[in-house]
Amino acid sequence: MLYKEYINILKINLTEKTTKIEKREDLFEYLGGVGIAVKLLDEECKKKKDALSPDQPIIFAIGPLSTIFPCMTKTVAVFKSPLTEEYGESYAGGRLASSMRFSGYDAIVLEGRSEDPVYLSIHNKKIRFKNAETLWGLPNKVTGRVIRELERGRGYRSIIRIGAAGENLVRYASVNVDSYRHFGRLGLGAVMGSKNLKGMIISGKKSYPIQNFQDYIKLYKKINTMVTETDKMKKYHDLGTAKNIIPLNEMKSLPTRNLQKSSFESAEKISGESFGDEVLMRKEACVGCPIGCIHIGMLKRQFAPDHEYEFTQVNYDYEPIFALGTMLEIDDPSDVLELIEKTEEKGLDAMSTGVCLAWATEALEKGIISEKETKYKLRFGDKKNYLKFIKSLVNQENDFFKALSRGVAYASKIYGGEEFALSLGGNEMAGYHTGYANILGLAFGARHSHLSGGYAVDQKLKEINSEKIVENLLKEEKNRCIYETLIMCLFSRGIYDLKLVSQALKSIGINKNEEDLEILGEEIFKMKMKIKREMGYDPNKIKIPERFFETETLHGKLEKDKMKEMIEIYKNKI
Ligand code: SF4
C-alpha cells in the first residue's frame, strides 16, 4: 500500500465529551482537503439553523500530499459562517497540517458545546478535554504560551486558539494558528467561542512508509529545485506578500481611505520594501515549505512614560497592511504593526476589522453617526483612536459596537451608509479593487473569502468581454478547488501544474490523471454551491455597494450595466 485507501476521521462531541474514530473508504473519491471537508459538512451541518447553534460542526481537513511534498502545508476549516450565515471556508498554514498528518487524522469534526470553557488535547489516540476557565479572556499569545507549558512533550505539535473576539462572538473573530498563521476569514473564531472551545493542541509521532521511495525522492527533489532555484516563488521569500503594495498602487487597485481612492500617495512608506528596511526582523515558514514567506517585524514602543522600551514580534502580510494601513491611511510601518498586533491580541480578522474601522470613520466624518456611537473621534491616519476603538468593539460596549461586531453590512443597515459599507455577500472586501471578476468572485463565488481568484482574472484581461470574464473566473475557481483538495499553499500554484500534481499523487499510489482532477474540481465546486444554496445563498439578494462603481480600478470605473450582465451570465452557469 502506498497511500491508505480510507480516510481517518476523528469526531469529537463537546457536549457529551465523547470521541470516535471513523475510517471512511467512501471519502477517498473526494481525495482530501476541501473535498472531504465539504462532503462531511454536507452530512453534518444543520443548514437552516443559526451558525452559532451548538450542533453546528467545525471540520478541519488535510490532503493526501500534506507534508509529503513541498508547499503542501495548509489545513482547511469549513463551517457555517456566523458573518454571512452561509458557507464558511478558511485556510491556515503553520504546523497544523503536519500535526494532523502525524497524529493520524485526515479530518477532525467538532460538534456540540461544552458547558464550561475547555481546550482539546489530542496526542495520537489520546484525546482529552481540558479545563480552560483560567485561559478564558487571555490574549492569543499568552494562551499559546500557557498551553505549550501545560502540554509538555515531543512530536509535531500545533496549537490553535481564539482570543476575546471569539469568546464574545464577534462575527469576524479569527483563530490563531501557531502564532503567525490564522483561519482569518468568516468568523471561525466565533464558532469556536460558541462551543466554549478556547483552543486545541494536536501532536503525533506516526509515519507513513512510502514504498517506491526512489521514484518519490526523485520527484521530490525535482519539485524542491523548482521551488528554491527558480524565480517562481522568489517574491514570497524576499519581500513576502507585502511586495504587492506598489504594483497594486500603480495599477489603481489598492483600496485606500475606505475605497474613496484606489491608490495611496504614501504607498511607498508602507510598501514591502519599507517594511523590509525598517521593521523586518526574521522570516518563518510553514512546516514543509522551503520558501518562508512569513515576515515578522519588530515593534518597539515605550513601555510607559519614564520607562524604557519593549519589543514585540508581529507578522505582517499584504492583506493586513491594506486593511489596517491604506484603508485607514496609516502610513507608518510601526503604526500598522501596532494595529495588526491589536487584532492579533483580540483574535480578530484583520481584513474585516480594517474595513469596519474605515466605514465607521467615513460615517462619522459624514455625520451619519456621532461620537455618541463611536466613543472616540475616529480620523483617517490616526492610529491612537483606532486602537481604543478595537478594544470597545471586541467588548461590544454599546449598541453601535454590538451592531458592528456583526459586520459592516449589518451595522450600515441600521445606521446608514450602506453605499460605502464595503461588504460583498456579507463579507468585508479583500485588498483588491482590480475590476469586475474580483467583485463577482467575492460576492457570488464558491470560496467567498479573499482568494476567490477574481483579482487574478482581472489582471490578465485584455478586453472587457462579459462572457469571457465569467468563463475565466469559473475556470480559475474550479482549478482552485483541485488545489484545495491537496491541500496546497496557493502561492505555489505556478509550480504545480496538473501534470505535476498527477505525478505527485502517483508517487504515493493515487492514480488520477489531469482529466480526473478537472472533473473532481468541477464536482467540488458544485458541492460548495449546493451547500451555499441550502444555507440560504440567494444571488438575487446580493447588492453591490455604490462605492465599488465610483472608484477607478485597473480597468477604469466599472459600469453597473456590465456588472449586471456578468452576474446574470454567472448565475446561469452555476
Ligand atoms: S509560501 Fe508562505 S504561506 Fe505558503 S507554505 Fe510557504 S511559508 Fe507558508
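Okay, so the sequence shown: first residue is 22 according to the numbering used here, each after it adds one. Glycine included, each C-beta is placed from N, C-alpha and C at the ideal position.
Residue i, DSSP secondary structure in three states
| i | result |
| --- | --- |
| leucine 31 | strand |
| phenylalanine 285 | coil |
| methionine 319 | strand |
| methionine 22 | Legend: pLDDT at methionine 22 = 42, less than 50; position of this residue unreliable, value from coordinates given subsequently. Here methionine 22 sits in coil by DSSP. |
| histidine 144 | strand |
| phenylalanine 465 | helix |
| serine 224 | strand |
| serine 179 | strand |
| isoleucine 129 | strand |
| threonine 235 | Looking at the sequence provided, one finds glutamine at residue 235 rather than threonine. Here glutamine 235 sits in helix by DSSP. |
| alanine 194 | strand |
| glutamate 589 | helix |
| valine 335 | strand |
| threonine 455 | coil |
| threonine 374 | helix |
| threonine 39 | strand |
| tryptophan 157 | coil |
| asparagine 419 | coil |
| methionine 550 | helix |
| asparagine 189 | coil |
| glutamate 106 | coil |
| methionine 272 | coil |
| serine 87 | coil |
| tyrosine 436 | helix |
| leucine 61 | helix |
C-alpha gap between residue i and residue j, whole angstroms
| i | j | result |
| --- | --- | --- |
| tyrosine 257 | serine 391 | 42 Å |
| glycine 447 | glutamate 329 | 44 Å |
| isoleucine 129 | valine 59 | 13 Å |
| lysine 564 | leucine 104 | 16 Å |
| alanine 464 | leucine 445 | 5 Å |
| serine 473 | cysteine 502 | 10 Å |
| glycine 456 | glutamine 281 | 15 Å |
| lysine 32 | leucine 269 | 43 Å |
| phenylalanine 512 | lysine 481 | 17 Å |
| isoleucine 595 | glycine 557 | 16 Å |
| alanine 98 | valine 212 | 11 Å |
| glycine 53 | valine 196 | 22 Å |
| lysine 41 | lysine 499 | 33 Å |
| phenylalanine 401 | asparagine 265 | 22 Å |
| leucine 23 | tyrosine 237 | Bear in mind that a pLDDT of 48 at leucine 23, under 50, signals an unreliable position, so the model cannot answer this. |
| phenylalanine 81 | aspartate 420 | 34 Å |
| asparagine 548 | proline 341 | A small correction: the amino acid at residue 548 is methionine; asparagine does not occupy that position in the sequence shown. Answer to the nearest angstrom: the Cα atoms are 31 Å apart. |
| histidine 454 | leucine 538 | 31 Å |
| tyrosine 51 | leucine 541 | 7 Å |
| valine 357 | proline 160 | 19 Å |
| glutamate 107 | isoleucine 79 | 13 Å |
| lysine 405 | leucine 349 | 12 Å |
| lysine 260 | methionine 254 | The amino acid occupying residue 260 in the given sequence is leucine; lysine does not appear at that position. Roughly 11 Å separates the two Cα atoms. |
| lysine 239 | glycine 515 | 20 Å |
| asparagine 233 | serine 528 | 7 Å |
| glutamine 323 | glutamate 331 | 6 Å |
| arginine 45 | glycine 115 | 27 Å |
| isoleucine 181 | methionine 221 | 5 Å |
| isoleucine 588 | glutamate 271 | 28 Å |
| phenylalanine 422 | lysine 162 | 24 Å |
| asparagine 145 | leucine 218 | 20 Å |
| tyrosine 112 | glutamate 449 | 17 Å |
| lysine 367 | lysine 409 | 12 Å |
Residue i Cβ short of 6 Å to ligand 3 heavy atom set
| i | result |
| --- | --- |
| threonine 251 | As far as ligands go, the structure on display features ligand 1 and does not contain ligand 3. |
Cutoff 7 Å: residue i Cβ touching any chain D Cβ
| i | result |
| --- | --- |
| lysine 146 | The chain labelled as chain D is not found in the depicted structure, where only one protein chain is given. |
Sheet register partners of residue i (DSSP bridge)
| i | result |
| --- | --- |
| serine 444 | Glu449 |
| alanine 98 | Phe81 and Ser111 |
| lysine 44 | Asn29 |
| lysine 169 | Reading the sequence as shown, one finds arginine at residue 169 and not lysine. Looking at the DSSP assignment, arginine 169 forms no beta bridge with any residue, so it has no partner. |
| histidine 203 | Asn197 |
| threonine 574 | Gly577 |
| valine 139 | Asn152 and Leu218 |
| leucine 369 | Ala194 |
| arginine 303 | Ile317 |
| tyrosine 330 | Gln323 |
| threonine 277 | Lys282 |
query = Mind listing, in chain order, the residues whose beta carbon lies closer than 6 Å to a non-hydrogen atom of ligand 1?
reply = Cys92, Thr94, Gly114, Tyr257, Ala306, Cys307, Cys310, Ile312, Gly313, Cys314, Ile315, Cys510 and Phe512
task = Could I get the ranges of all uninterrupted alpha helix (DSSP H) runs contained in the segment 467-541, with 4 residues as the minimum, in chain order?
result = 475-481, 487-507 and 519-528
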